[in-house]
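Take a look at the structure below.
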Amino acid sequence: MTVLGDMLAARIAATGPITVAEYMAECLMHPAHGYYSTRDPFGVAGDFTTAPEISQMFGELIGLCLAQAWLDQGSPAPFTLAELGPGRGTLMADVMRATRAVPGFHAGARIVLVEASATLRNVQARTLDAYAPVWADSVASLPDQPLFLLANEFFDALPIRQFQRDDGGWRERMVGVSEGRLRFGLSALLPEGMIGPRFQADPPGTVVEVCPALPAIAQAIGQRIAARGGVALVIDYGGWRSKGDTLQALRGHAPEDPLAQPGAADLTAHVDFEALALAMGVARTGLTGQGVLLKRLGIDQRAARLGAELAGEVLQSHLAAHRRLTHPEEMGSVFKAIAFHAPVAPAPPGFDPSHA
Ligand code: SAH
Numbered sequence: 001m002t003v004l005g006d007m008l009a010a011r012i013a014a015t016g017p018i019t020v021a022e023y024m025a026e027c028l029m030h031p032a033h034g035y036y037s038t039r040d041p042f043g044v045a046g047d048f049t050t051a052p053e054i055s056q057m058f059g060e061l062i063g064l065c066l067a068q069a070w071l072d073q074g075s076p077a078p079f080t081l082a083e084l085g086p087g088r089g090t091l092m093a094d095v096m097r098a099t100r101a102v103p104g105f106h107a108g109a110r111i112v113l114v115e116a117s118a119t120l121r122n123v124q125a126r127t128l129d130a131y132a133p134v135w136a137d138s139v140a141s142l143p144d145q146p147l148f149l150l151a152n153e154f155f156d157a158l159p160i161r162q163f164q165r166d167d168g169g170w171r172e173r174m175v176g177v178s179e180g181r182l183r184f185g186l187s188a189l190l191p192e193g194m195i196g197p198r199f200q201a202d203p204p205g206t207v208v209e210v211c212p213a214l215p216a217i218a219q220a221i222g223q224r225i226a227a228r229g230g231v232a233l234v235i236d237y238g239g240w241r242s243k244g245d246t247l248q249a250l251r252g253h254a255p256e257d258p259l260a261q262p263g264a265a266d267l268t269a270h271v272d273f274e275a276l277a278l279a280m281g282v283a284r285t286g287l288t289g290q291g292v293l294l295k296r297l298g299i300d301q302r303a304a305r306l307g308a309e310l311a312g313e314v315l316q317s318h319l320a321a322h323r324r325l326t327h328p329e330e331m332g333s334v335f336k337a338i339a340f341h342a343p344v345a346p347a348p349p350g351f352d353p354s355h356a
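Position 299, counted from 1, in the sequence shown is what the working numbering calls 299; the numbers after and before it change by one each time, with no gaps.
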């Protein structure tokens with residue numbers, strides 16, 4: 001096991017099992033041994049690749065979508081251009097390049113990056129040097145301004161708790177130790193009413209996941225949008241009411257047991273978009289497949305335009321990137337997008353209408 005694994009096993013032996021959320025938080029963000037604290041995990045040599053790392057087209061189209069929403073709201077300035085969990089800063093760099101010609105957008109934008117990892121802050125500082133970004137530790141410290149916010153694969157990195165129903169009620173899935181190894185187990189029966197009303201009708205055997213950090217984050221964003229205007233574009237994998245055990249570990253682009261290498265594998269869980277929408281509390285679009293969204297925003301035309309100047313292997317990898325971002329069997333439908341916006345404003349382009 002890893003150094004962090006030994007530390008967690010010793011702690012659990014001394015003070016008892018920990019929740020899946022505590023386990024995830026330690027694995028991802030432990031200051032010395034956490035996954036994001038110690039590395040830049042993206043790309044071919046890393047553990048996973050995200051949409052902005054696959055092709056510049058992703059950030060360009062998302063940037064133009066965001067800029068259109070800003071124009072539709074009367075070009076408010078100054079405004080906060082925020083990103084949650086910006087990784088290498090690639091998405092924001094592509095957004096800025098694509099929006100150069102939008103009158104007043106760059107002049108009015110104050111870029112704020114919400115990033116927990118010091119390692120990735122350094123990478124972002126290099127990528128975005130030309131745009132003088134500032135960093136925030138949490139959404140609570142975003143400026144009191146119109147807010148135009150992006151979050152791609154951020155919410156899936158937030159720790160979740162898992163609960164399982166049996167005939168007698170709900171139990172929590174915990175991480176304990178047996179025979180010197182980390183193992184999953186179940187807590188004693190929880191008091192009635194601990195699991196929210198959304199899940200009360202579920203039959204025995206159901207596993208549900210709750211993200212304790214999500215409501216406060218979504219409320220802070222929603223409050224700014226309600227008071228000052230703006231929009232939040234959230235892209236992630238998950239579903240409207242995501243059910244089941246979705247905790248997943250990825251290392252070297254391959255799935256592995258989430259308890260096998262604490263701190264050395266990326267851990268994620270599906271995003272519960274309904275919980276996000278409930279806490280945001282502002283107008284929203286429907287949940288839209290990433291492939292459909294990118295096609296409506298013009299990815300086919302953009303791909304043809306870029307492809308016209310390419311040949312050979314570079315052209316092949318460009319075509320593969322287009323397919324990977326949009327095809328239903330690749331990222332096109334597993335990844336979903338939703339936009340939250342000021343009630344008086346039109347929805348940003350490309351999103352399904354809300355049926356709520
Ligand atoms: N959006 C990027 C990176 C996704 S990975 C992309 O699409 O490529 C998740 C990102 O969220 C990383 O930058 C990670 O350090 C950051 N992150 C994870 N948990 C966080 C938290 N609680 N607060 C702030 N940033 C966090």
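The C-beta atom is built at its ideal place from N, Cα and C for all residues, glycine as well.
- DSSP places L293 outside any beta strand (DSSP E); the residue lies instead in the alpha helix (DSSP H), whose first and last residues are 290-296.
- Put simply, the region 68-83 does not touch the region 303-323. Fewer than three CB pairs are less than 8 Å apart.
- Here I62 has no same chain residue with a Cβ atom under 6 Å from its own Cβ, once five neighbours each way along the sequence are excluded.
- In the displayed model, V134 falls within a strand according to three-state DSSP.
- The criterion of a C-beta distance shorter than 9 Å is not satisfied by T246 and P348.
- Secondary structure at Q164: strand, using DSSP grouped into helix, strand and coil.
- Relative to the non-hydrogen atoms of the ligand SAH, the Cβ of V234 never comes closer than 8 Å to any of them.
- Checking the 8 Å criterion, the Cβ of G176 is out of range of every heavy atom belonging to the ligand SAH.
- For the 9 Å CB-CB criterion, L189 and G176 do not form a contact.
- Judged by the Cβ position, R183 fails to qualify as a neighbour of the ligand SAH at the 8 Å threshold, every heavy atom of the ligand being at least this far.
- Per DSSP, the continuous alpha helix (DSSP H) segment holding M7 begins and ends at 3-15.
- Q248 is bridged by DSSP to T268.
- Checking the DSSP bridge columns, you'll see V175 partnered with I18, F184.
- Under the three-state reduction of DSSP, F154 is assigned to coil, being neither helix nor strand.
- Excluding its 5 nearest sequence neighbours in each direction, H30 has C-beta neighbours in its own chain below 7 Å: L4, S37, G263, listed in chain order.
- Beta-bridge analysis with DSSP links K336 to D236, G289.
- Of the candidates L28, T50, M280, M280 places its Cα closest to the Cα of G230.
- Annotation: P191 is outside any alpha helix (DSSP H) and is labelled neither H nor E by DSSP.
- Straight across, the Cα-Cα distance linking G244 with F105 is about 42 Å.
- In this structure, R241 places its C-beta atom within 9 Å of the C-beta atom of E274.
- According to the DSSP assignment, T80 belongs to the beta strand (DSSP E) that extends over 79-84.
- DSSP places H341 within a strand segment (E or B) once states are collapsed to three.
- DSSP, reduced to helix, strand and coil, places L149 within a strand of the structure shown.
- Annotated three-state conformation of V210 is strand, per DSSP.
- The three-state reading of DSSP puts L113 in strand, counting E and B together.
- Relative to the ligand SAH, the beta carbon of R88 is positioned inside 8 Å of a heavy atom.
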